[in-house]
Amino acid sequence: MKLENYVTGKWIKGDGEGEILYDAVTDESITSVSTKGLDFASILQYGREVGNPALRKLSFHERGRMLKALATHLLNKKEKFYELSYHTGATKADSWIDIEGGIGNLFANASLRRKFPDLPYCTDGDPVGLSKGGTFMGHHLLVPKEGVAVHINAYNFPIWGMLEKCAVNWLAGVPAVVKPASVSCYLAEVVAREIINSRILPEGALQLICGSAGDMLNHVAAQDVVSFTGSKTTGLKLKGHPKILAETVPFNMEADSLNCIVLGEDVSPSMPEWDIFIKEVRKEMTVKAGQKCTAIRRIFVPANKLEEVYQAIGKSLSQTTIGNPLNDKVRMGALAGKAQRENVKQNVQRLLAGSQIIYGSLDSIELIDADRNKGAFLSPLLLLNEMPFKNEAVHEIECFGPVSTIMPYKNLDEAIMLSKKGKGSLCCSIVTANDKLATEFVIGAATHHGRILVLDNDCAKESTGHGSPLPMLIHGGPGRAGGGEEMGGVRGVKHYMQRVAIQGSPSTITAISQSYQPNAKGITSKVHPFKKYFEELQVGDQVITEKRKITTEDIDAFARLSGDHFYAHKTDTDFNGTMFERQVAHGYFVLSLSAGLFVDGSEKGPVLLNYGIDELRFTKPVYPDAELYVRFTCKEKLPQDLKEENDIPKGIVKWLVEMIDEAGEHVGVATILTMVKRKFLAEPQSTQEKV
Ligand code: NDP
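So the sequence shown is numbered by the numbering used here: it starts at 106 and just counts up by one.
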């Protein structure tokens, strides 16, 4: 049965017989794929015209809730995905990374909505004052791009690869056209089908291409973003595609990466870090049969411990049972296919010119419940290269399988130099119990790695490990790793948004950004903002308070009450050589008395509680006899979801507190947060209705 492509709102089979896909374990044909006859220009245009407008009009919060609903939906269907995943040669643990790791990305990005306003767009960074009188200013705005996110993915994690990228572009408000690698695309297909059937996403938010990308890249345009994961050769070819160059289409590339691990010079066999190191190496070599973009390809150990380390790794690898991933005893499955295995073998042969196999074999392998002539199995291979500065192929050739090379180093400088010889990697680890050594290594090697993990006994137990890209941290690496950046929390979302500098008056920028800018006109009314429900409050709602005179008695009383007797708050201090002329009011007293001025709530009202302070600055000393008042303005509103059934519907409101003295000058500025009740229940969770 041929797999269908989901394009322009329909499931469509490509023409012809298509490419046959095989089970990695049994070599039986599973399905075939074809994209012949697909009109790629219309596919991309459909994404731009149907998916994009539907997504971009939703707020970040609505998109985030949509991701959460989708993640929950997919989690309920996970068994279906696991069943199919075995065909790729993946063990249950490998599939967990792909399936639940991918769904986890959706959850993580769903939660990320809280870092954004409840708007379709957001500001970026701080406002910039551009005039003395405060009537002209600048800011940066991020709006969703008007194109599609085109994802060309690798074969190793068909589900994670799709979801880790889509979660980000969907949160940004941009639809996706996903082209998984053909060999394992049936897994992406089953997940995509669930996504489409769930109707949680607006139509056009996801299109799926099963098979060749055809002439798709001929039709990309300036508002699209292309992300590629795969080999350096293909990546460079696509990056240099004439249409990508002509339209300056952002191109994100994750390519081959010669990741490494370093054993610190301080670590000896009696230390827990020794076992941590051995375990990490084995894990990285065998998880997903080493077909991980982040897997450890190069192992650097102090020269005087070389033999002891490789013997320990060999011993550890010998405990890895290989075979049919459906068998519970199996710890390492097959490679994705025979072509992939052949490619690894050829690359190992190239490495053998400057190294030798010290564990494993290219030809023989012991299998559980599987036929070595049928499945794409390969034994873990540990290579030894005793002259890593001379035999340099190890820093050039990536064997995308359970293969790693161990090498000696003499001192930390050498370890740093060797780690950089990969010319840019996705991830590098150092195992050490010495923070000074860790610091030197990290600062020395940081230019060449996308992520550096420092492992010691304190963090090893809870560590997410060398090979796990995390949704909130940037995934990508410089140089040969492609120079790309994926995920990374808010940073990742920005890749799918267009940044524009905006200039105007503070009131205009407030209206556009929906975030109150200092010096903008406030909205005053007879109703105190604390009497308004969340929905009734407007950004810009303002109160100018009464004035209050500060006395020495006030300051002394606050000192007694708080126990803060800092010399500057005392009358009998000799103020020579200090920052002050005489007794000065405590900053926290100034803030507290400000609250006394702006709070209106002796009776129960919509404001539920004081939630905290985001920023607080004391900008001018306050001496006795100063007369202060507060300009108190609603700055931003962030809705909150109901956590449980009888939760009070509410949102967080940020307030700008400007503390001003008799000269009209600011003595302090703060952003405080309150929790404010909603008048009505929160918006429906489903975004389909809105779209
Ligand atoms: P390829 O570069 O051949 O394929 C990667 C993706 O690109 C696949 O979806 C493939 O589709 C697609 N593709 C290939 N040619 C074109 C083209 N002309 N136009 C558009 N799309 C195209 O990589 P491999 O499949 O060989 O993957 C293995 C390599 O990928 C590994 O050796 C490893 O180096 C690298 N990799 C890197 C990762 C990372 O994150 N850095 C992760 C995983 C792998 P199709 O399958 O249909 O050919």
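A virtual CB, placed ideally from N, CA and C, is assigned to each residue, including glycine.
Hey, residue i and residue j are a contact pair by Cβ (cut 8 Å); roughly how many whole angstroms apart?
i, j, result
"T113", "I135", "In fact, because the Cβ distance is near 26 Å, the residues do not count as touching under 8 Å."
"I614", "Q622", "5 Å"
"A565", "K393", "At roughly 21 Å, the Cβ-Cβ gap does not stay under 8 Å, so A565 and K393 are not in contact."
"A775", "L721", "4 Å"
"I535", "V367", "4 Å"
"S137", "I125", "5 Å"
Which residues bound the beta strand (DSSP E) around residue i?
i, result
"K410", "Premise fails: K410 is in no beta strand (DSSP E) and is neither H nor E."
"M358", "356-359"
According to DSSP, is residue i part of a helix, a strand, or is it coil?
i, result
"H244", "strand"
"E370", "coil"
"R596", "helix"
"M780", "strand"
"Y601", "coil"
"Q793", "Confidence at Q793 is low in this model, with a pLDDT of 49, below 50, so the placement of that residue should be treated as unreliable; the coordinate-derived value is given next. Here Q793 sits in coil by DSSP."
"Y226", "coil"
"F482", "coil"
"Y621", "coil"
"E491", "coil"
"V112", "strand"
"T425", "coil"
"Q809", "Absent from the structure is residue 809, since the part of the chain shown begins at 106 and ends at 796."
"C564", "helix"
"Q688", "coil"
"M437", "strand"
"K740", "strand"
Can you tell me where the alpha helix (DSSP H) with residue i in it begins and where it stops?
i, result
"D518", "517-525"
"T537", "Run containing T537: none; DSSP gives neither H nor E here."
"K173", "165-181"
"P158", "157-161"
"S134", "S134 -> not in any alpha helix (DSSP H); beta strand (DSSP E) instead, spanning 134-138."
"G124", "The amino acid at residue 124 is misidentified as Gly; the sequence shows Glu. Segment 124-127 is the beta strand (DSSP E) holding E124; no alpha helix (DSSP H) there."
"P347", "347-351"
Give a single yes or no on whether residue i has its beta carbon closer than 8 Å to a heavy atom of the ligand NDP.
i, result
"N261", "yes"
"P576", "no"
"G627", "no"
"N357", "no"
"V595", "no"
"P285", "yes"
"Q603", "no"
"N110", "no"
"N448", "yes"
"E269", "no"
"K342", "yes"
"Q424", "no"
"T338", "yes"
"D203", "no"
"I257", "yes"
"A254", "no"
"M684", "no"
CB residue i to CB residue j, shorter than 9 Å?
i, j, result
"P611", "C739", "no"
"R403", "M267", "no"
"A318", "K284", "yes"
"T657", "P726", "no"
"S707", "L531", "no"
"L558", "F382", "no"
"I401", "N452", "no"
"G234", "M242", "yes"
"A176", "A215", "yes"
"P232", "F165", "no"
"W275", "L160", "yes"
"G597", "V130", "no"
"G459", "N429", "no"
"I777", "Y716", "yes"
"I649", "V695", "no"
"K757", "T779", "Just to set this straight, residue 757 is Ile in the shown sequence, not Lys. Contact: yes."
"P507", "T391", "yes"
"K443", "D199", "no"
"L246", "A606", "yes"
"S587", "H553", "Just to set this straight, residue 587 is Gly in the shown sequence, not Ser. No; because the gap between Cβ atoms is not below 9 Å, this pair is not in contact."
"F639", "P711", "yes"
Is any non-hydrogen atom of the ligand NAP found closer than 8 Å to the C-beta of residue i, if you look at the structure I gave you?
i, result
"C398", "You won't find the ligand NAP in this model; what it holds is the ligand NDP."
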